[in-house]
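Following: one structure in structure tokens, then a few remarks.
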Amino acid sequence: MTRKPVVAGRFYPASASILNKEISCLVTKREDKIDAMGVVSPHAGYMYSGAIAGEVLSSIKPKPTYIILGPNHTGTGKPFGIDSGRRWKTPLGEIGLDSELCETILRRCRHIEKDNASHNYEHSIEVQLPFLQYLGQGFSFVPIAVSYADPGIYMDIGAELAEAIKELKKDVTIIASSDMTHYESQQLAKQKDMMAIEKILALDIEGFLHTVKTHDISMCGFAPTAIMMQACVRLGAKKARLIKYATSGDVSGDYSAVVGYAGIVIY
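Quick note: the sequence shown, position 1, residue 21 per this note's numbering, numbers continuous.
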């Protein structure tokens with residue numbers, strides 16, 4: 021079975037040639053690529069967040085396997101759903117899942133269930149794939165849709181993902197798909213986002229979750245980000261770097277109600 025793209029032609033071009041050309045303008049050639057354990061990458065339309073996604077994903081070394089954690093915007097399916105094993109199609113071709121890692125995660129992670137419904141119409145994971153295809157062929161991945169839950173569950177899942185990776189001795193990068201503040205003024209969005217980013221850069225997971233809640237930061241992928249951070253810390257991560265930050269206002273010129281985007285690498 022194949023999962024067909026649901027936002028091709030809307031969030032990014034449906035034509036392979038046009039998509040390749042657009043991504044080529046969004047990525048950067050770097051010699052000093054980071055051996056990343058984790059990444060925060062945005063998932064809006066490429067017109068708005070593509071430059072940030074391109075910058076952060078081209079700053080890391082390509083890996084044979086990615087775990088991509090995306091917020092479940094649609095609310096359908098299981099709270100924490102891993103795809104059943106379908107190949108995922110984009111205009112740039114099909115990508116297979118890492119079935120061994122999927123099964124190990126299902127065995128180790130008590131909150132994650134096999135579920136296609138949470139992925140069928142969700143864009144947050146799909147929009148990362150063309151960048152990864154452009155930057156390095158021959159990889160497989162594990163897509164996990166994430167819903168809101170008690171923060172303790174995020175910590176459990178992150179720790180269990182780390183154990184699954186250790187068990188298989190996999191060379192994996194975990195990508196948390198997330199935009200930052202939604203529909204606030206440029207000044208307020210940037211102020212709020214920098215508070216959250218500061219906690220991510222400090223690898224302070226509890227502080228990050230507290231900051232998001234206390235300051236009412238509308239970061240749609242805070243849960244995937246917390247899970248990714250926990251897994252990376254358990255795997256030995258010591259540093260984090262902000263690669264790029266911008267808002268939709270930097271593209272549209274309308275700074276009255278913007279969405280923030282951050283590209284962050286943990287290593």
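All C-beta atoms, glycine included, are put in the ideal place defined by N, C-alpha and C.
As the structure is a prediction and not an experimental result, all values here were calculated from the model.
Supposed close pair residue i, residue j - CB separation, criterion 8 angstroms
| i | j | result |
| --- | --- | --- |
| V278 | S268 | 5 angstroms |
| Y287 | K259 | 6 angstroms |
| H202 | S238 | 4 angstroms |
| L181 | L77 | No, L181 and L77 are not in contact; Cβ-Cβ is about 20 angstroms, not under 8 angstroms. |
| D199 | H63 | 6 angstroms |
| M57 | I194 | 7 angstroms |
| V2 | K81 | Residue 2 is absent from the model: the chain starts at 21 and stops at 287. |
| P150 | L39 | 6 angstroms |
| E146 | V27 | 6 angstroms |
Cβ neighbours of residue i in the same chain (closer than 6 angstroms, five flanking residues each side left out)
| i | result |
| --- | --- |
| G65 | F31 |
| H131 | F100, I173 and I177 |
| P171 | L229 |
| C247 | Checking the displayed sequence, the identity of residue 247 turns out to be Ile instead of Cys. Counting only Cβ-Cβ distances below 6 angstroms, and skipping sequence neighbours, we find L89, Y174, I177 and G178. |
| G116 | R107 and S160 |
| S104 | K134 and N136 |
| E183 | R128 |
| Y68 | S268 and V271 |
Residues near residue i in its chain [Cβ-Cβ closer than 7 angstroms; skip 5 each side]
| i | result |
| --- | --- |
| L262 | I217, L221, A282 and I284 |
| S79 | R50, K53, I54, I263 and V285 |
| S35 | P111 |
| K109 | T22, R23, K24 and P25 |
| G227 | K219 |
| H235 | K212 and M215 |
| D244 | What sits at residue 244 in the sequence shown is Pro, not Asp. If we look at P244 and ignore the five residues flanking it on each side, its Cβ neighbours are L89, G90, P91, V166, A196, S197 and S198. |
| Q206 | T267, G269, Y275 and V278 |
| E120 | L188 |
Boundaries of the beta strand (DSSP E) in which residue i is found, first to last residue
| i | result |
| --- | --- |
| K109 | R107 to T110 |
| L262 | A260 to T267 |
| E114 | G113 to I115 |
| F100 | F100 to I102 |
| I284 | V278 to I286 |
Residue i: first and last residue of the uninterrupted alpha helix (DSSP H) it sits in
| i | result |
| --- | --- |
| T234 | I225 to T234 |
| V253 | F242 to R254 |
| Y154 | L149 to L155 |
| A137 | A137 to N140 |
| T124 | S119 to R128 |
Sequence-distant residues of the same chain with beta carbon closer than 8 angstroms to residue i, five excluded per side
| i | result |
| --- | --- |
| E187 | T124 and R128 |
CB contact below 8 angstroms: residue i versus chain C
| i | result |
| --- | --- |
| I177 | Of the protein chains in this structure there is only one, and it is not chain C. |
Task: Stretch pair the segment 138 to 149 + the segment 87 to 107: three plus CB contacts closer than 8 angstroms - done: Segments in contact, yes.
Open item on the list: With three or more C-beta pairs closer than 8 angstroms as the rule, is the segment 158 to 174 touching the segment 42 to 56?
Closed with: no
- [ ] Give a yes or no on contact between the segment 210 to 228 and the segment 83 to 93, applying the rule of three or more CB pairs nearer than 8 angstroms.
- [x] no
TODO: May I have a chain-ordered list of the alpha helix (DSSP H) segments no shorter than 4 residues that lie completely inside the segment 158 to 211?
DONE: 171 to 188
Task: Length-filtered (4 minimum) alpha helix (DSSP H) runs lying within the segment 43 to 84 - done: 66 to 77
Task: At least three beta-carbon pairs within less than 8 angstroms, the segment 142 to 158 to the segment 208 to 215 - done: no
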